[in-house]
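A quick write-up on the structure given underneath.
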Amino acid sequence: MQRAFVIFTLFSILFVIASPSKGEQDSPKVGGTLIYATGTDALTLDPQFVTDVPTSRAVMQIHETLVKYDLDMNIVPCLAEAWEVSSDQLTWTFRLRKGVKFQDGTPFNAEAVKYTFDRIVDPATASPRKSSAGMIKGVKIVDEYTVAITTLKPFGPFLAQLTAYNLAILSPTQAKKLGKKYAQNPAGTGPFKLESWAPGEKVVLARNEEYWGKKAYLDKVVFKVVPEDATRVMLLLSGEADVIASVPTVLLDKLQQSKDVKVVREKGFRTIYIGLNNKVKPFDDIRVRKAVSHAIHPEAIVQGVLKGVGTLGGSFESPAIPGAIQGLKPYPYDPARAKKLLAEAGYPNGFTTSSARRAI
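Sequential numbering of the sequence shown, starting at 286, is according to our numbering.
Structure, rendered in structure tokens:
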């Protein structure tokens, strides 16, 4: 299905944390539990079935990818220590970290990488994120700690693709043993491991004492499910939560006025858009699609609805994404132009249509 996209804003990442005292800021504190109040529960803990950001927050404390982004958006080693690409740009060879164990005690190696990538594209897996590995032609085990991944064609963003949480490496032993139930009892290589999961209530992660990298400072992280925006804010202000995300913009002023919390805003990757199916009427007519674009007032949405937390975008990719085309501008708000285009397309009185909304 082809779609046309009406882009009207790009979110920044916005979350709020309880402010530590000056003394607590001087040096990291070892131990303790962090309470993260989230609006939705994790839907799965199997990375190959993750389709939403809230779920990924827990999944990526348990699992890791071959490479990752650092805070400056540079791709750096993670489970792969080094890599090189062939002269024809088709084969990527990765040298893997030695001495890494999954949380079920089994070793991380080339077999695990091949199993992970083979599993996500296997029709029997039925992963909704199969396309994450769609550019991969095959994975070859060179030796215990070296893999060669061949792509269908030269693909510049391949390393960036490998940072996707859907391509996080999982334990072949655990996945084969549990099948679909791996989603409830995962085994990755990350700094935290699953302690318990009460669906609809909370996910509790405990520090992975066998982690290959720098050990986590925290003993535990609790993702507490609190669907109501106002309740999450109340828990933060009362000290019952340490961090909240999906901050309601209508309550932003109240949070910023509190001396006990810190509002953190960073550029994010999330894109808010209206997708139009240009294979069905009336959206098969470009005049109708343009009319929809001109009928939306993006600046009013950013300033009025989002309280300035967001930037206008001219593409379905956030400007923060490496390789994104910069400087594209959205269609200007022009109701008169929108009405004229609709009339020209045969809809002088407008039309009704259905829509679907997906949380990301």
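For every residue, glycine included, the Cβ atom is placed at its ideal position computed from N, Cα and C.
With a contact defined as Cβ atoms closer than 8 Å, PRO615 and GLY598 qualify at about 7 Å. For the pair PRO362 and ARG492, the Cα-to-Cα distance works out to about 22 Å. Note that the C-beta distance between LEU330 and PRO471 is below 8 Å. The beta carbon of THR458 sits closer than 7 Å to those of ASP389 and THR391, all from its chain and outside the five residues before and after it, given in chain order. Going by DSSP, LYS625 is part of the alpha helix (DSSP H) stretching over 620-629.
About 7 Å separates the Cβ atoms of PRO339 and ALA327, confirming a contact at the 8 Å cut-off. Below 8 Å, enough C-beta pairs join the region 344-357 and the region 446-454 to call them touching: three or more. Ranking THR556, PRO332 and ILE426 by CA distance to the CA of VAL587 puts THR556 first. In chain order, PRO392, PHE393, THR474, GLU495 and TRP497 place their CB closer than 8 Å to the CB of LYS386, counting only its own chain and leaving out the 5 sequence neighbours on each side. For THR376, the closest of ARG342, GLY423, LYS399 and ALA609 by C-alpha to C-alpha distance is GLY423. If you check the CB distance, LEU447 and GLN346 do not come in under 8 Å. Taking every protein chain shown into account, the CB of TYR502 has fewer than 16 other CB atoms within 10 angstroms, so this residue is exposed.
Shown here, LEU447 sits in coil according to DSSP, grouped into three states, outside any helix or strand.
Pairing LEU522 with VAL573 gives a Cβ-Cβ distance that is not under 8 Å.
Taking every protein chain shown into account, the CB of VAL518 has 16 or more other CB atoms within 10 angstroms, so this residue is buried. In the three-state reduction of the DSSP assignment, TYR616 falls in the coil class, being assigned neither a helical nor a strand state. When rounded, the separation of the alpha-carbon atoms in TRP368 and ARG404 is 22 Å. Here the alpha carbon of PHE554 sits roughly 27 Å from the alpha carbon of LYS499. With a 10 Å radius around the Cβ and a threshold of 16 neighbouring Cβ atoms, LYS465 comes out exposed. Distance from the Cα of PRO512 is smallest, within the candidate group LYS487, ALA460, ASN359 and VAL506, for LYS487. Residue environment: PHE477 is assigned as buried (16 or more neighbouring CB atoms within 10 Å of its CB, all protein chains considered).
With a cutoff of 8 Å on beta-carbon distance, ALA623 and HIS582 are scored as not near each other.
Shown here, ILE405 sits in a helix according to DSSP, grouped into three states. In its chain, beyond the 5 residues on either side, TYR502 have a beta carbon closer than 6 Å to the beta carbon of PRO313.
Under a 10 Å Cβ-count criterion, PRO332 is classified as buried, with 16 or more other Cβ atoms of the shown protein chains found around its own Cβ.
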